[in-house]
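Under mature numbering (1 follows the signal peptide of the UniProt record, and there is no 0), residues -25 to -1, 1 to 385 are what the sequence shown spells out, in order.
Glycine included, each C-beta is placed from N, C-alpha and C at the ideal position.
Being a predicted model, the structure only gives us computed values, none of them experimental.
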Amino acid sequence: MRRRGPACWGLLLALVLCRLRPARPRNVLLILADDGGFESGTYNNSAISTPHLDALARRSLVFRNAFTSVSSCSPSRASLLTGLPQHQNGMYGLHQGVHHFTSFNEVQSLPRLLGQAGIRTGIIGKKHVGPETVYPFEFAYTEENGSILQVGRNITRMKLLVRKFLQTQDDRPFFLYVAFHDPHRCGHSQPQYGTFCEKFGNGESGMGRIPDWTPQTYDPQDVLVPYFVPDTPAARADLAAQYTTIGRMDQGVGLVLQELRGAGVLNDTLVIFTSDNGIPFPSGRTNLYWPGTAEPLLVSSPEHMKRWGQVSEAYISRPPSWTGSPSLTRAMPSLAQRLSGSRAGPSCRCWRQSPSGAPSLAARVTTRSPWPTPCAPCTTRPSTSCTTSISRCPFPSTRTSTCRPPSRTS
Ligand SMILES: *[C@@H]1O[C@H](CO)[C@@H](O)[C@H](O)[C@H]1NC(C)=O
Ligand SMILES: *[C@@H]1O[C@H](CO)[C@@H](O)[C@H](O)[C@H]1NC(C)=O
Ligand SMILES: *[C@@H]1O[C@H](CO)[C@@H](O)[C@H](O)[C@H]1NC(C)=O
Ligand SMILES: *[C@@H]1O[C@H](CO)[C@@H](O)[C@H](O)[C@H]1NC(C)=O
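Right, dumping it as C-alpha cells:
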C-alpha cells in the first residue's frame, strides 16, 4: 500500500472535524427596522414605550456605536447581506427602475452562500435588493410578490409567516431575515394611513385591523425631539406618528420572538436587531451625519448570557461586521461560526488561493468567504498566516485556503 503523506492525513482530519455537526441546529434571526433609530427604552428614550425591544435588549449585548456604511435603504441592505461595501457589491443606490441599481451578478450574498452550505434561508418583509439570482431566499414573502403593507407592517400576517417558516419540517439550521417596513414614512405612497402609516390596521373606519396590534398613541407634547430636529409643532406631530409605528414594530418583534419560543428554537438562535439607516428627519437618513449613519444594534446570543443587558461602546462598522469586524467578533461569535457550529477563533478569514498565489482583487469579490471559517492554527497565532483545509467554506471542500487575521480591506 502506498504511504500517504502527513499533509493528506491532516486534510482527512480536517474534513472529519469539519463534518462534526452540533447536536441541535443553531440558527440566526436577523430583524431589521426600516429607518429605525434610537427611539426605544433600550436607548434611554423615556417618552416611548417599547417593552418588547427592551426585553430583547435584556438578553442582548447592546451596541451604542454601530454604523452603516451608507445611509440609504438598498445599499445598506446589500451591505448587510453581502458583507461587502457598495463598490464591491454594486448596489450603489436604491433598487428600483428609475435608479437602476442592482448588485453585480457574481456577488456571493449571504442567502446564496448559506443556501449552498446547507442552511435554510427565509425572508419576510422588505427586500429591496436585487437581482433575484444574487439574493435567492428559499422562503420569500416580500414586496416582490405581495403587499409591502401586509408583509412589512401587518404584524399578524408577519407572525403567521414566521410560524409557517418554522413549521416546515426541516432539520437544517436556518437564517431568517425579518425586515419590517415600520417605521418608514408612508405619506408619499399611502397618505390615507397617515404620514408614517400609523393608522394602517388600527381598527378605525377604513383602516382595517391588525388583530395582534394594540396601537399606542402619543401626544406631540410628550415626544422627545432629537437634538438635530427643529422643535416645531410639525416635527412633534411627525415624531408622535413615528412613535406609533415603532410601537407596532415593537409588538411585532415580540410576536416573532414568541413564535421562535413556541417552536422551541429561541434558545438555539442568535437574534440580531438593527436598522438600515437613520431616521427620516433633517440630518438623518441619506446624511453622513451621526443621525444618518448611527444604528441601533442588539445582539442576543443564548450562549453568552453573561453579556446580556450590557452596553458596549465598541465601534461597529456594519457591513464588514459579519465578516469579522474585530470589535463585534471579540464580543460575539460571528454569524457563520454560529451557523456552522464552529468554535474556532474569531480572527480568521478564509481566502481561496488563486493558482498564482495571492487572490486578485476581482477574485476576492467572488471567492472571499463572508464569514470566518474554522481555521484552528490561526487562533493560536493570530498574527501569522496559515494554510489549512476546511469543509464548510462555500467552495469545494478539499480546496486549500489561506487564513489570515481580518484586515479592514475595502
Ligand atoms: C442608558 O443610560 C444609562 C444610565 O445613564 C447608561 O448606563 C446606559 O449605558 C444607557 N444605555 C444606552 C444604550 O445608551
Ligand atoms: C411568494 O413567494 C412564495 C415562495 O417563496 C410563495 O410561496 C408565495 O405564495 C408567494 N406569495 C404570493 C402572494 O404570490
Ligand atoms: C392583517 O393580517 C391578518 C392575517 O392575515 C388579516 O386578518 C388582517 O385583515 C390584516 N389586516 C390588515 C389591516 O390588512
Ligand atoms: C439555553 O442555552 C444555554 C447555552 O447553551 C444554556 O446554558 C441554557 O441553560 C439554555 N436555557 C434554556 C432555557 O434551555
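Rounded C-alpha distance that separates residue 398 from Ser84:
Absent from the structure is residue 398, since the part of the chain shown begins at -25 and ends at 385.
Report yes if the C-beta of Val284 is less than 7 Å from at least one heavy atom of ligand 3; otherwise report no.
Residue identity check: residue 284 is Gly in the sequence provided, not Val. No, the beta carbon of Gly284 sits no closer than 7 Å to any heavy atom of ligand 3.
Can you tell me where the alpha helix (DSSP H) holding Gly169 begins and where it ends?
Taken as a continuous stretch (DSSP letters only), Gly169 belongs to no alpha helix (DSSP H), as it is neither H nor E.
Quick one, what's near ligand 2 if you take every residue whose CB is closer than 6 Å to any heavy atom, in chain order?
Phe114, Ala115, Tyr116, Asn120 and Gly121
Close-in-space but distant-in-sequence residues of the same chain around Thr96 (CB under 6 Å, 5 per side omitted)
Pro86, Leu89, Gly90, Phe112, Glu113 and Phe150
Could you check the C-alpha separation between Asn2 and Val274 for me, to the nearest Å?
13 Å
Ile221 vs Glu14 beta-carbon contact at 8 Å:
yes
Sequence-distant residues of its chain with Cβ nearer than 8 Å to Gln196 (five each side left out)
Arg211
Can you tell me whether Thr362 is helix, strand or coil according to DSSP?
Reliability fails at Thr362, whose pLDDT of 37 lies under 50, so the model's placement of it is uncertain and the value that follows must be treated cautiously. Looking at Thr362 - three-state DSSP - the assignment turns out to be strand.
I want to know whether the segment 252 to 262 touches the segment 37 to 55 - three or more CB-CB distances under 8 Å.
yes
May I have the straight-line CA-CA distance separating Gln144 from Ser276, to the nearest angstrom?
24 Å
Sequence-distant residues of its chain with Cβ nearer than 7 Å to Arg52 (five each side left out):
His103, Val104 and Asp251
Comparing alpha-carbon positions, which option in Gln142, Tyr110 and Asn40 lies nearest Val240?
Gln142
Could you spell out where the alpha helix (DSSP H) holding Arg95 opens and where it closes?
Per DSSP, Arg95 belongs to no alpha helix (DSSP H); it is in the beta strand (DSSP E), Arg95 to Gly100.
Please find out if some non-hydrogen atom of ligand 4 comes closer than 7 Å to the beta-carbon of Pro(-1).
no
Cβ-based burial, Tyr116 [other Cβ within 10 Å; buried from 16]:
buried
Hey, how far is the Cα of Leu36 from the Cα of Gly284?
6 Å
Any idea if Asp146 is buried or exposed, counting beta-carbon neighbours within 10 angstroms, 16 or more meaning buried?
exposed
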